[in-house]
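K.L.:
In UniProt numbering, the protein residues as written are 1 to 140.
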């Protein structure tokens, strides 16, 4: 089992990620793709995706994009995030997160992420964009 497989299992086992029904669809070569549902847990009282959940899971998508490029003794840790919400995702839609690593250096990594609401017909619409900077730490 690769280091990414172990990290994947640990991250997806986090109680918040389990409650969001977060799925990792892809993580390789500096990119990642994740999916979750707008359900009772992830929705705001207005019946749309809660912004805090969106920000948190956009960060997770960037984590997987960066982790796919790192050595077994390295871990990406968030130092800065920026997100812009463009429109709402509605309850019962799924949200697709796509992240890519723009640059990875010795101590820092820069990633971008986009979130798309996906309706029952499979049509995607962009709902948010973001950028994340992570520090690259050596693990024991």
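Note that the Cβ used here is the ideal one computed from N, Cα and C, for glycine as well.
Within a Cβ cutoff of 6 Å, which residues of the same chain sit near residue 96, ignoring the five residues on either side of it in sequence?
P.N.:
Excluding residues within five positions, the ones whose Cβ falls inside 6 Å are 35, 116 and 118.
K.L.:
So residue 68 and residue 128 are supposed to be a Cβ contact under 8 Å. How far apart are they, rounded?
P.N.:
Not confirmed; about 22 Å, so no contact.
K.L.:
Any chance the segment 60 to 77 sits against the segment 98 to 111, with 3 or more Cβ pairs inside 8 Å?
P.N.:
yes
K.L.:
Residue 82 lies in the beta strand (DSSP E); which residues open and close that run?
P.N.:
74 to 85
K.L.:
For residue 31 and residue 89, which I take to be in contact (beta-carbon distance under 8 Å), what is that distance rounded to the nearest angstrom?
P.N.:
Cβ-Cβ separation between residue 31 and residue 89: approximately 22 Å, too far for a contact (criterion under 8 Å).
K.L.:
So, are the CB atoms of residue 130 and residue 81 less than 8 Å apart?
P.N.:
yes
K.L.:
Going by DSSP, name the residue or residues bridged to residue 26.
P.N.:
33
K.L.:
Quick one: residues in its chain with C-beta nearer than 7 Å to the C-beta of residue 126, no 5 flanking neighbours on either side, listed in chain order?
P.N.:
86, 114 and 116
K.L.:
Work out the CA separation of residue 15 and residue 136 for me, nearest whole Å.
P.N.:
The alpha-carbon of residue 136 is positioned some 24 Å away from that of residue 15.
K.L.:
Contact defined as beta carbons within less than 8 Å: I believe residue 24 pairs with residue 3. What is the distance between those atoms, to the nearest angstrom?
P.N.:
Incorrect: roughly 15 Å between the Cβ atoms, too far for contact.
K.L.:
Could you please give the first and the last residue of the uninterrupted beta strand (DSSP E) stretch that includes residue 116?
P.N.:
108 to 118
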